[in-house]
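Asks: Residue numbers (my numbering), protein chains in the order written: chain G, 1 to 360; chain W, 1001 to 1203; chain H, 2001 to 2291.
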């Protein structure tokens, strides 16, 4: 148990830290070093508070709840987005490392560690983050009941605190700032997956726009950085699966994804050669002919005919039918396995020791 | 995931049974070549095998997204400060080149559906590796290999920059260090020529 | 007991701590009987808080806990549409007091404040804004505010606000916490007065126009001090125990005959003015709580 928890007069430590200061009005930018004496239990946010109170009142950062609920204090430590209030400093200080703190990425910096969240909120609002039940309010002051079981598929998306840590590091957004991005898309799945929401198809149509789900580059930075376990990449995959299930497959990304399913079903393998024409259509594929020829000449592309059919392709076909029969061809087919992951994490934290039983 | 979730494992096995496939017992541990040869007995074997050496070749490691993230599922190394490729390059007698984009995305997954966005990602590691003075890049991911190698021509078309950066797959890097023939390593299938590397190593 | 309302739990915890049965200023909350599965599944957030801030995994160890100021049951007086007595100003959420909680908020009931009354206030405010484009503010009010702000920003020497803020927090916790005593509340009144005096000479270091949180935090401290003074005046005046206002030494019981009424306080001429408002009882008659 830590001293913080025990309210004992805590031991203190010397915390060195570097902060990228910035002023958007003047464009001035400077890396400043600070050293504070702080109790051993401090978080990064506590350290910033001490600096602001006692050394430099002009240091700017956002904060509010101090307990991982409000999502205000997203920032970067050594280039990785973190919640300042969740980041304990003790181990970092012990390692002798001097962390460098900077503002989040993919958003314009206003001052020091404060970014302009407007582009973030614009994308958030673009996915209509509210319930559209499409049914009448029940009569006589009664209420509709939705079971916990039916809400479970969007449980993790509901944990999002809009901190922006996922957006900060989104590789696709870095390349195209208009990409809707992980936060908005995870939020979108929170409503598409909500059994009460009746506007799924409209939502999916919108999300299949140019800067929607199919622009995600699967870098998994969002999932890695999220301080609340939302796993936006998983949400985006589920939105893709739901789109295809609803027949919204005009996007090249959807066609690409569909081809994987079709080739697995027909041959048990991925028919790579046909991936380009099946994704881009014949006309575009012809435009790509020179590029494709280069690859073909180098022997990178196996000949398309006859397609190689796996010996046990029947298994693959039966599985395909079974998945459809069970209604798992959409988001329900993407198994998040929260329980399994939680258990793995737990075992990781406790170095492989099994959890104690309830009676233990 | 399945090992930690008996309910899910039960459902998967029930379905496998229904189509006549034997049940999954959860006894298989999935390992990657990168992990096998960067640590433990595999690393010792690598050091013996790489007797020809890379003769100080400057190699820029490029990890690929899904061998690093999500780290709680993979767990081999710190996804922000990975070390395994560097360790292998050194064991092979090369000199690892450091650059920020080595842990980022190459753009491959959307290179067909959103080529422009993908190229915006792809250029970062290649450009940074060039600036850092790399002779070649190495990646353990076959798809990163494809985009880094084959799509350089498209980068040239889009930006006018002709990097001509040779891209080695991890297995090829080890193969070169172990003295395998260029023909065995299938360099003829590369779009960007690997010859400058081979000349440097006098293979 | 674990599922009793928060004021009851707080008093039980504080009694244990005060009477020397605590563990280093805490009592221990044991969740282990629930088992790893249930804690991982259903209490993920609780476990996370416990692990990050106390370094304790509730699957294996009890969590050290103690009472803290969690929620302000009072707030800006509004009607059921979030309207305040200032034309065009609406309040909703924790800053508002629609008076649905009385002297204690039950777990989960803040949702009513945010969801139900947030929606009502938002809708009403929007309707008001559509029908009204401007409101009259006395010129002197604006000038006063600008003058005060300028004086604060122009001052280059003085005390940094953080000591005042920390002292206010510590003394309010000590003298105005779970249990309240007349003498301690009066003592706290003097302390707050002293802190307000010191506040007159604080210095704001950030003089800029851009995201100046040094300035906003200084202004917030002034509000905290004024609010603390209001709480002291009201606390002393309410000579009974009700909900989170517990005076076990001098007034241990609830006194419906004299105090079943809302405490109203307004800020006039630099100090709080106390007033009362009757409680409308309709369907549910107040009853004694038993567990």
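Ideal Cβ positions, reconstructed from N, Cα and C, are used throughout, including at glycine.
Any beta carbon from chain G within less than 8 Å of residue 1190 of chain W's own beta carbon?
Replies: It does; some Cβ of chain G falls within 8 Å.
Asks: Using a beta-carbon distance below 8 Å, is residue 12 of chain G in contact with chain W?
Replies: Taking Cβ atoms only, chain W never reaches closer than 8 Å to residue 12 of chain G, which makes this a no.
Asks: Determine the chain G residues that contact residue 2284 of chain H at a beta-carbon separation under 8 Å, and present them in chain order.
Replies: Ordered by position in chain G, no residue passes the 8 Å Cβ test against residue 2284 of chain H, which lies about 16 Å from the chain.
Asks: Is any beta-carbon of chain C found at less than 8 Å from that of residue 53 of chain G?
Replies: The structure shown contains no chain C; the protein chains it does contain are G, W and H.
Asks: For the segment 1006–1017 of chain W, which residues have a CB atom closer than 7 Å to at least one CB atom of chain G, in sequence order?
Replies: Those residues of the segment 1006–1017 of chain W that come within reach of chain G (Cβ to Cβ, closer than 7 Å) are 1008, 1015.
Asks: Mark residue 1186 of chain W as exposed unless 16 or more other C-beta atoms lie within 10 angstroms of its C-beta, in which case mark it buried.
Replies: Exposed: under 16 other Cβ atoms inside 10 Å.
Asks: Please report the distance separating the alpha-carbon of residue 2364 of chain H from that of residue 2074 of chain H.
Replies: For residue 2364 of chain H there is no data in the structure shown, the boundaries of chain H being 2001 and 2291.
Asks: For residue 203 of chain G, I'd like the list of residues in its chain whose CB is within less than 6 Å of its CB, leaving aside the five on either flank, ordered along the chain.
Replies: Hits under 6 Å: 192.
Asks: Measuring alpha carbon to alpha carbon, tell me which of G:156, G:310, G:281, G:298 ends up nearest residue 2045 of chain H.
Replies: Checking every option, the nearest Cα to that of residue 2045 of chain H belongs to G:156.
Asks: Does any residue of chain G have a CB that is nearer than 8 Å to the CB of residue 1107 of chain W?
Replies: Chain G, which has a Cβ nearer than 8 Å to the Cβ of residue 1107 of chain W, makes this yes.
Asks: Going by the DSSP bridge assignment, what does residue 2077 of chain H pair with across the sheet?
Replies: Paired residue(s): H:2097.
Asks: Since residue 74 of chain G sits in a beta bridge, which residues does DSSP pair it with?
Replies: Paired residue(s): G:83.
Asks: Of the residues H:2227, H:2259, H:2121, H:2051, which one's Cα is nearest the Cα of residue 2084 of chain H?
Replies: Per the Cα distances, H:2121.
Asks: Which residues in the same chain have their Cβ closer than 8 Å to the Cβ of residue 159 of chain G, if we skip the five residues on either side of it in sequence?
Replies: Cβ within range, chain order: 228, 229, 230.
Asks: Counting only beta-carbon atoms, is residue 198 of chain G nearer than 8 Å to chain W?
Replies: It does not: the Cβ of residue 198 of chain G has no partner Cβ on chain W nearer than 8 Å.
Asks: When the Cβ atoms of the segment 1098–1110 of chain W are set against those of the segment 1062–1072 of chain W, are three or more pairs found closer than 8 Å?
Replies: Yes, since at least three Cβ pairs between the segment 1098–1110 of chain W and the segment 1062–1072 of chain W fall closer than 8 Å, the two stretches touch.
Asks: Report the residues of the segment 1134–1161 of chain W with a CB closer than 8 Å to any CB of chain G, ordered along the chain.
Replies: Cβ contacts with chain G come from 1146, 1150, 1153, 1154.
Asks: Does residue 332 of chain G get closer than 8 Å to chain W when you measure Cβ to Cβ?
Replies: So, not an interface residue.
Asks: So if I threshold CB-CB distances at 7 Å, which residues from the segment 2170–2196 of chain H count as touching chain G?
Replies: Listed in sequence order: no entries.
Asks: Contact between the segment 2193–2205 of chain H and the segment 9–29 of chain G: three or more CB pairs below 8 Å?
Replies: Segments in contact, no.
Asks: Using a Cβ-Cβ distance cut-off of 8 Å, determine whether residue 2214 of chain H contacts chain G.
Replies: Answer yes: the Cβ-Cβ gap between residue 2214 of chain H and chain G drops below 8 Å somewhere.
Asks: By Cβ distance, which residues of its chain are closer than 6 Å to residue 42 of chain G, with the 5 residues on each side in sequence left out?
Replies: Taken in chain order, the residues that qualify are 89.
Asks: For chain H, find out if any of its Cβ atoms is closer than 8 Å to the Cβ of residue 64 of chain G; answer yes or no.
Replies: No, residue 64 of chain G does not count as interfacial toward chain H.
Asks: Which stretch, first to last residue, makes up the alpha helix (DSSP H) that contains residue 119 of chain G?
Replies: First-last of the alpha helix (DSSP H) with residue 119 of chain G: 118–126.
Asks: Chain G partners of residue 1065 of chain W, CB-CB under 7 Å?
Replies: Chain G residues near residue 1065 of chain W: 218, 219, 220.
Asks: Pick out the complete alpha helix (DSSP H) segments inside the segment 146–217 of chain G, 4 residues or longer, and give them in chain order.
Replies: DSSP runs (the alpha helix (DSSP H)) wholly in the segment 146–217 of chain G: 148–151, 155–158, 165–168, 171–175, 181–192, 200–207.
Asks: Expressed to the nearest angstrom, what Euclidean distance is found between the alpha-carbon atoms of residue 1177 of chain W and residue 314 of chain G?
Replies: Answer to the nearest angstrom: the Cα atoms are 43 Å apart.
Asks: What first and last residue would you give for the alpha helix (DSSP H) that runs through residue 1086 of chain W?
Replies: Residue 1086 of chain W -> alpha helix (DSSP H) spans 1084–1091.
Asks: Using a 10 Å radius around the Cβ and a threshold of 16 neighbouring Cβ atoms, would you call residue 5 of chain G buried or exposed?
Replies: The predicted position of residue 5 of chain G is uncertain, since its pLDDT is 40 and thus under 50; a value taken from the coordinates is nonetheless stated next. Classification for residue 5 of chain G: buried.
Asks: If residue 168 of chain G sits next to residue 112 of chain G, beta carbons under 8 Å apart, how far is it from one beta carbon to the other, in whole angstroms?
Replies: With a Cβ gap of about 15 Å, residue 168 of chain G and residue 112 of chain G do not count as contacting.
Asks: So with CB distances below 8 Å, who are the chain H contacts of residue 25 of chain G?
Replies: Within chain H, the residues near residue 25 of chain G are 2208, 2209, 2210.
Asks: Could you tell me which chain H residues have their CB closer than 9 Å to the CB of residue 71 of chain G, listed as they occur along the chain?
Replies: In chain order: nothing, as chain H lies at least about 14 Å away.
Asks: Please report the residue range of the alpha helix (DSSP H) in which residue 2231 of chain H lies.
Replies: Note, residue 2231 of chain H: alpha helix (DSSP H), 2213–2237.
Asks: Return the residues of the segment 143–161 of chain G that lie within a Cβ-Cβ distance of less than 8 Å from chain W, sorted by chain order.
Replies: Flagged: no residues at all.
Asks: Buried or exposed: which applies to residue 133 of chain G, given that a residue is buried once 16 or more other Cβ atoms fall within 10 Å of its Cβ?
Replies: Burial call: exposed.
Asks: Would you say residue 2031 of chain H lies against chain G (beta-carbon separation less than 8 Å)?
Replies: Not an interface residue.
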